[in-house]
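Participant: Let me give you the structure first, and then I'll get to my questions.
Numbering (my numbering), first residue to last: 2 to 163.
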């Protein structure tokens, strides 16, 4: 009986990810050094007879901090959005990063592996990636909670001494 129990428990652990709550995701984003605030939000709308769900992840980078690898930031943020247990995105995941100086999330998405994207050159702080492509890359929703990469956001740069 003990062996059967071990097998059953092992079988359970092979399933999908448990993901994380919205509150946990928001707190993790806000706890990133150099981030003054962050959130994951989901909205749905009905188009004809079909409901479409869209997830937005947004972070505000503190002045003086920089993002050395915007592509890595985009991948991390999409992973966080996909791991957040709100409602599964069926249409898209939007990434918004507000920074000063402003980094181009449009450039980061276009330089990365993403193909199904929506970008607006007049809105460099944000871009959209298709939900099917996110699912192909990160697996079933909710995905694994990503580990924060070292050096994702760095700074502040000290003022030069006269």
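Cβ coordinates follow ideal geometry from the N, Cα and C atoms, glycine included.
#1: Which class does residue 95 belong to by DSSP, given the choice of helix, strand or coil?
#2: So the candidates are 95, 83, 104; which of them puts its Cα closest to the Cα of residue 120?
#3: Could you compute how far the alpha carbon of residue 13 sits from the alpha carbon of residue 162?
#4: Which of the three DSSP states, helix, strand or coil, is assigned to residue 134?
#5: Is residue 84 helix, strand or coil when you go by DSSP?
#6: Between which two residues does the beta strand (DSSP E) holding residue 25 run?
#7: Is residue 135 closer than 7 Å to residue 97 when the C-beta atoms are compared?
#8: Taking only three categories from DSSP, how would you classify residue 47?
#9: How many whole angstroms separate the CB atoms of residue 143 and residue 85, which I take to be in contact at a CB cut-off of 8 Å?
Facilitator: Here's the rundown:
#1: In this structure, DSSP gives residue 95 an extended state, which the three-state scheme calls strand.
#2: 95 is the residue among 95, 83, 104 whose C-alpha sits nearest the C-alpha of residue 120.
#3: Residue placement at residue 13 is poorly supported in this model, since its pLDDT is 38, which falls under 50; the coordinates are not used for a value here.
#4: helix
#5: Here residue 84 sits in helix by DSSP.
#6: It is not in any beta strand (DSSP E) - residue 25 instead sits in the alpha helix (DSSP H) that spans 23-31.
#7: no
#8: strand
#9: 7 Å
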